[in-house]
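Everything on this sheet refers to the single structure shown next.
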Amino acid sequence: MYAVVDCNNFFVSCERVFRPELRNKPVIVLSNNDGCIISRSTEAKALGIKMGVPYFEVREQCKQNDIHVFSSNYILYGDFSGRVMNALSEFVDREDDLEVYSIDEAFLDLETYRDPENYCRTMRAKTEQWTGIPVSIGIAPTKTLSKIANDVAKKYKGYQGVFFMDTKERTDKVLASTPVKDVWGIGYRLSSKLTEYGIGTALQLRDADEGWIRKKFGVTVLRTIHELRGIPCFFDGAVPSVRKHIASTRSFGRNVTSMEDLREAIATYVSWAATKLRKQKSAAGGLYIFIRTSKDHTRLHQHEGVFRELPVATDSTPELIHHATEMLQELFHEGSIYKKAGVMFSHIVPRGSVQLNVFDKTDRTKFSKLMHVMDGVNLRDGQGMLKFAAMGTTQNWMMRSGMRSPQYTTKWNDLLVLG
DNA sequence: TCTGGGGTCCTAGGACCC
DNA sequence: TCTGGGGTCCTAGGACCC
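For what it's worth, the working numbering labels the leading residue of the first sequence as 25, then goes sequentially.
This is the structure we're talking about:
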């Protein structure tokens, strides 16, 4: 048996922990740059606020209905995510039985526990008590089924946050009322295609012909079908701790036209991404950067990005900034209005196994000591405490986030004061 | 005009997830 | 005026090899 634990309206719930007066009130959280809506309280959903819509489209509605709006505060959410996962880890015997799947979701392997339902009810109550974050739990023989069970736990209050999809009758009934688009792994494209062939529910997908599915839809959908039949196929769904690509991209808070601003932004993104790179003890062998003027020019835009294979895989911020700055020269056009930029590292290898280059003259030990010290200080005193001059000081291109809550749990000056 | 068989590796693009 | 960001896997096709 698997259980999937999913935090309810996670970002909104994090905001409410330190603002208890917002319980039972409509609350939403916006994406970076205050662009779209990415988390909604139950009350906000009831008012018809849709997931993913641009904020400016509903700003008036938010005002009229007294909806509380937050910019996103990923440092806070990341910290709460860690707390929730810690709480859950108290409920497994072996570390491997808890698989952190995303910032607000985890799978538990329940094979060794009798009475999983009651076990999960206790876990749910304790997690909320310890962290302040309410969760829902779905239990079933496979991960795909447990995700569907989780939806039931969320949707029907009567189950009080935990739904155990154990019997065949129960499972068939739930699958028959689950649209195929709500099955884990079936997105917009596949569900429209499946529906064309008359497969509109999870039950119909489960009972579809294997050979036909394999031919028409490939092995991924076939595995999903096995999962729906109760045969586990997705074992290691955990986010791999060592990533193959590392990116940092942001929309600007305002239009950017100058080379100086772009250089600052690119240097800043390189620095963020390089911190992630060093955290997983990797080095990057390839660097891609792009600058983008605005959306949906699909054709005129062939040259928005450029890739460079690095002579030696590296994790050194100044070295990466150096390359990125050179590459930026190739992309920049005087007179263009830029909205967004980003960097991506690829060809990632373990730091210890970097292939040296005979012609390489860089003193790598010196840089590596410097990076080590910077990472240490920034970890202790907050990101950005020590940074490179190339990142700039004004950073007036930085994304908007005017409605961001304090970093209650990670910054001394933001500690909540009582009395 | 004729024209085998079996592989590997890499990349771009499509699909998905949260 | 204003529409996020960061990942994964699979597949098809091209280049190349013997």
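From the three backbone atoms N, C-alpha and C, an ideal C-beta is built for every residue, glycine too.
Kindly indicate the opening and closing residues of the alpha helix (DSSP H) around residue i.
i: Gly-102; result: 98-113
i: Leu-352; result: 341-355
i: Ile-249; result: 234-252
i: Leu-169; result: 167-179
i: Asp-454; result: In the structure displayed, the chain extends from 25 to 443; residue 454 sits before or after that span and is not available.
i: Tyr-293; result: 283-303
i: Cys-86; result: 79-88
How about residue i and residue j: do their beta carbons lie closer than 8 Å?
i: Asp-121; j: Asp-133; result: yes
i: Ala-291; j: Ile-313; result: no
i: Val-266; j: Thr-341; result: no
i: Asn-32; j: Lys-178; result: yes
i: Gly-209; j: Thr-168; result: yes
i: Gly-196; j: Leu-218; result: The amino acid at residue 196 is misidentified as Gly; the sequence shows Asp. No, the pair does not count as a contact, with Cβ atoms beyond the cut-off.
i: Val-28; j: Lys-150; result: no
i: Glu-35; j: Ser-96; result: Per the sequence shown, residue 35 should be read as Phe rather than Glu. The answer is yes: Cβ separation under 8 Å.
i: Leu-252; j: Arg-230; result: yes
i: Thr-338; j: Ala-297; result: no
i: Thr-433; j: Asp-103; result: yes
i: Gly-310; j: Met-423; result: no
i: Glu-123; j: Phe-115; result: no
i: Leu-112; j: Asn-89; result: no
i: Thr-281; j: Ile-361; result: yes
i: Val-51; j: Arg-40; result: yes
i: Ala-289; j: Trp-421; result: yes
Considering residue i, what are the terminal residues of the beta strand (DSSP E) in which it resides?
i: Thr-273; result: 270-280
i: Glu-129; result: 129-133
i: Phe-94; result: 92-94
i: Leu-54; result: 51-54
i: Ala-307; result: 306-316
i: Leu-229; result: Here Leu-229 belongs to no beta strand (DSSP E); instead the alpha helix (DSSP H) covers 226-230.
i: Ser-126; result: 122-126
i: Cys-31; result: 26-31
i: Glu-333; result: 329-338
i: Met-368; result: 362-374
i: Phe-259; result: Taken as a continuous stretch (DSSP letters only), Phe-259 belongs to no beta strand (DSSP E), as it is neither H nor E.
Using the C-alpha atoms, what's the distance from residue j back to residue i?
i: Gly-400; j: Leu-301; result: 15 Å
i: His-396; j: Arg-316; result: 33 Å
i: Arg-43; j: Arg-247; result: 43 Å
i: His-321; j: Asp-30; result: Confidence at His-321 is low in this model, with a pLDDT of 49, below 50, so the placement of that residue should be treated as unreliable; the coordinate-derived value is given next. Roughly 38 Å separates the two Cα atoms.
i: Gln-184; j: Gly-162; result: 11 Å
i: Ala-68; j: Met-415; result: 38 Å
i: Trp-436; j: Ser-160; result: 32 Å
i: Tyr-212; j: Tyr-79; result: 23 Å
i: Glu-343; j: Arg-83; result: 43 Å
i: Ile-249; j: Thr-191; result: 18 Å
i: Glu-152; j: Pro-430; result: 22 Å
i: Pro-203; j: Ser-65; result: 23 Å
i: Arg-238; j: Leu-199; result: 21 Å
i: Gly-443; j: Phe-258; result: 51 Å
i: Lys-87; j: Asp-58; result: 16 Å
i: Glu-333; j: Thr-299; result: 20 Å
i: Lys-49; j: Ala-173; result: 27 Å
i: Thr-136; j: Glu-119; result: 13 Å
i: Ile-61; j: Phe-94; result: 10 Å
Assuming residue i and residue j make a contact with CB atoms under 8 Å, what is their CB distance in whole Å?
i: Val-373; j: Val-336; result: Val-373 to Val-336, Cβ: 11 Å. No contact.
i: Gly-366; j: Ser-272; result: 6 Å
i: Phe-412; j: Ile-345; result: 6 Å
i: Val-108; j: Thr-155; result: 5 Å
i: Ser-37; j: Pro-158; result: 6 Å
Buried or exposed: residue i, going by 16 or more other Cβ atoms within 10 Å of its Cβ?
i: His-357; result: exposed
i: Ile-73; result: buried
i: Asp-405; result: exposed
i: Arg-287; result: buried
i: Val-243; result: exposed
i: Asn-381; result: exposed
i: His-92; result: buried
i: Lys-364; result: buried
i: Arg-148; result: buried
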